[in-house]
Amino acid sequence: MGQFAQQLKRSGLELNAADLADLLWLAQFIESESEIYSEEISEESLTSSSTQTNSIDDIINHTDISISEPTFNLYSNEESSSIPETTESFEPSQTDQKVLPFPVPSAPAIRTRLDLARALRPLMRKVPSRILVDVDEEATVTQLAETRICVPVVRPTPERWLDLDLVVESSKTTVLWKRAIAELQHLMEYQGAFRTVRTWRLQAEEQTVQLFPRWNERLENRLTQRPRSIRELVDPSGRRLILYVSDCTSALWRQGIIYETLWQWSQTQPVALMQMLPERLWSRTALSNGYIVRLGSPVAGLPNARLDVEGLPELDEWDEWDEPEEVSDGRLLTLPIITLDPNSFRRWARVLAG
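In terms of the working numbering, the sequence shown is residues 2 to 355.
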């Protein structure tokens, strides 16, 4: 069948799979058409038509046609002149004119960036700044008219509510999500929901967690980096969000190294897990050790430890084989899980915004 398609292409017929199927289906009617006009044509043309019909039958019943065999004619003698002959002009030649390559943008790793940006709108609130101030001109004029004291009246400058720390887990599978993480970072930086965006790289070294600034740092620069303390991300004010990016398949999760770090962060501020795998694959990751529950928050910016949890089984309902993953000393980790699905982003943003 492949050789037959090449024969047609050499004849100047650019046919797709559907056209080729239609051609083979219509070929079965050529024989009956030749029989109708067999009495009106000469014996010589009848022999030619018979030869043509037999070649078509051979093509339908046998697909092992060599390219060196002559092609059959699907058209009448009058129309055959418009079909280009089989030549080698279609083959690439070494003497062809050279062309310059040009870059073509690849398909985005995140195809729903606009929907994800819209889902983050509940986080785009503004609060009074704790540092920056603006002069209140109207209040200054009123004070001057009433007290004749020319002292400027200031008020806190409105600013974005949250700062974001994007922590990327470094593992063997990180290379699979590199483009998606880069696009996620770009979305968070330019969407307008966060006042500042910092990126970090987290990895395990001898059963300990190490944190480094800038997740996509070059290899030669990583060799000179010094690890930072995980407490550098702690912010009791509730205005710093930690988004931990992982697929939950690395040794950090299998050996339980990451749980203590996530638990410490979740005691003072909101923390969320950006799961790169879709929900249908969570059972193959470390998330299968926990329970899927419903989280709620009556106040904006509550730390994970103070979130309302619904759907968690009672302790007496657990058995020794069905016990959720523990951090240490019986402490349980409450962790919102989101994916790159806009609906997941939307539900999480509403809980975070209270």
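Ideal Cβ positions, reconstructed from N, Cα and C, are used throughout, including at glycine.
Spatial neighbours of residue i in its chain, beta-carbon cut-off 7 Å, leaving aside the 5 residues before and after
i, result
"Ile110", "Checking the sequence shown, residue 110 turns out to be Ala, not Ile. These residues qualify, in order along the chain: Arg180, Ala181, Glu184."
"Cys249", "Gln276, Thr286, Ala287, Leu288"
Burial state of residue i (16 or more Cβ within 10 Å)
i, result
"Ser298", "buried"
"Glu80", "With a pLDDT of only 44 at Glu80, under the threshold of 50, the placement of this residue in the model should not be trusted, and no figure is reported."
"Asp135", "exposed"
"Val352", "buried"
"Pro271", "buried"
Endpoints, beta strand (DSSP E) assigned at residue i
i, result
"Thr209", "209-214"
"Phe195", "195-206"
"Val134", "127-136"
"Glu311", "309-311"
"Tyr245", "241-247"
"Gln276", "272-276"
"Thr335", "Note, Thr335: premise wrong, no beta strand (DSSP E); not H, not E."
Host alpha helix (DSSP H) of residue i (start-end)
i, result
"Asp116", "114-120"
"Leu220", "220-223"
"Met189", "179-191"
"Ser345", "343-353"
"Thr262", "259-267"
Inter-residue spacing [alpha-carbon to alpha-carbon] between residue i and residue j
i, j, result
"Leu288", "Pro304", "21 Å"
"Gln204", "Asp116", "31 Å"
"Arg240", "Gln144", "34 Å"
"Asp65", "Gln4", "Its pLDDT being 46, under 50, Asp65 is placed unreliably in this model, and the value from its coordinates should be taken loosely. Roughly 7 Å separates the two Cα atoms."
"Asn217", "Arg202", "8 Å"
"Gly355", "Val169", "26 Å"
"Tyr38", "Leu24", "In this prediction, Tyr38 scores a pLDDT of 43, lower than 50, which makes its location untrustworthy; the coordinate-derived value is nonetheless stated afterwards. The straight-line gap from Cα to Cα measures roughly 22 Å."
"Leu21", "Pro106", "33 Å"
"Phe373", "Trp162", "The question about residue 373 has no answer, for the chain in this structure spans 2 to 355."
"Pro343", "Val300", "23 Å"
"Ser130", "Asp236", "16 Å"
"Arg215", "Pro123", "27 Å"
"Val198", "Val142", "38 Å"
"Arg295", "Ala108", "35 Å"
"Leu274", "Leu234", "15 Å"
8 Å contact criterion, which residue i and residue j should meet: CB distance rounded
i, j, result
"Arg114", "Leu188", "6 Å"
"Leu212", "Pro228", "6 Å"
"Trp283", "Arg332", "Contact doesn't hold; Cβ gap of about 22 Å is too wide."
"Tyr260", "Leu334", "6 Å"
Cβ-based neighbour list, residue i, same chain, cut-off 8 Å, excluding 5 preceding and 5 following
i, result
"Ala18", "none"
"Ser251", "Glu170, Ser172, Lys173, Thr174, Ala205"
"Gln208", "Gln256, Ile258"
Minimum Cβ-Cβ distance from residue i to chain D less than 7 Å
i, result
"Pro129", "Included in the structure is just one protein chain, with no chain D present."
Chain-order list of residues whose beta-carbon lies under 6 Å from that of residue i (same chain, five-residue window excluded)
i, result
"Asp137", "Val154, Arg156"
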